[in-house]
Amino acid sequence: MKNILKYKPLTKSAFISISVIFFAVCLVLASFIPQQSEWKAPESAKNIKNPIPANDASIAAGKAIYIKECLECHGKKGLGNGPNSATLDKSPESFNTLKVKNQTDGELFWKIKEGRKPMPSTKKSLTDEQRWQVLNYIRTFSK
Numbered sequence: 015m016k017n018i019l020k021y022k023p024l025t026k027s028a029f030i031s032i033s034v035i036f037f038a039v040c041l042v043l044a045s046f047i048p049q050q051s052e053w054k055a056p057e058s059a060k061n062i063k064n065p066i067p068a069n070d071a072s073i074a075a076g077k078a079i080y081i082k083e084c085l086e087c088h089g090k091k092g093l094g095n096g097p098n099s100a101t102l103d104k105s106p107e108s109f110n111t112l113k114v115k116n117q118t119d120g121e122l123f124w125k126i127k128e129g130r131k132p133m134p135s136t137k138k139s140l141t142d143e144q145r146w147q148v149l150n151y152i153r154t155f156s157k
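Here my numbering is used: the first residue of the sequence shown is 15, the next is one more, and so on.
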């Protein structure tokens, strides 16, 4: 019995054409995956001043809150490498980066309060005073 179906290898140009089409389809599909844009606080947040002095008491209070609320994702030293960070789509940014250091207290306070997936909002879990205390503690990471 003769083999009716015969294998004919692709020509080089056919292989290249199929590869280009495949990668083009992949790029189109990838464009539909939601991307998070850079996380920027509104302009109005930039000028908000921290009313809580960064003294030993507020830093200690902020550390206690940080350990309870933030450490699991942000890590012990604020490097974004906490035990839960590996489970996130995107690791939290290190507090030691210039990008974070250059943000005003108001901008960081706004981010702590509002949150953004995967970081939860603290609107219901912390008071403004507690958020400022956490911020005072976070600022110690870059010293």
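Backbone N, C-alpha and C define an ideal beta-carbon position, used for all residues, glycine too.
Comparing alpha carbon positions, the residue from Q144, K90, E86, E107 closest to P97 is E86. Sixteen is the threshold: when 16 or more other Cβ atoms of the shown chains lie within 10 Å of the Cβ of R145, as they do, the residue is buried. When the beta-carbon positions are compared, V148 and I79 come within less than 7 Å of each other. Within its own chain, the residues whose Cβ lies closer than 6 Å to the Cβ of N95, once the five positions on either side in sequence are excluded, are G89, listed in chain order. Segment contact: the region 71 to 78 against the region 55 to 62, fewer than three CB-CB distances shorter than 8 Å; contact not assigned. Our two residues, T154 and D119, have alpha carbons roughly 13 Å apart in a direct line. With contacts defined as CB atoms closer than 7 Å, S99 and S105 qualify as a contacting pair. Cα atoms of E83 and M133: separation of roughly 11 Å, rounded to the nearest angstrom. Rounded to the nearest angstrom, the Cβ distance from S72 to I66 is 5 Å, consistent with a contact under 8 Å. Residue environment analysis places G129 among the exposed positions, since fewer than 16 neighbouring C-beta atoms fall within 10 angstroms of its C-beta. If you draw a straight line from the Cα of N110 to the Cα of K137, it comes to about 25 Å. From the listed residues W124, A55, L24, the smallest Cα separation to N64 is found for W124.
Taking all protein chains shown into account, E143 has fewer than 16 neighbouring C-beta atoms within 10 Å of its C-beta and is therefore exposed.
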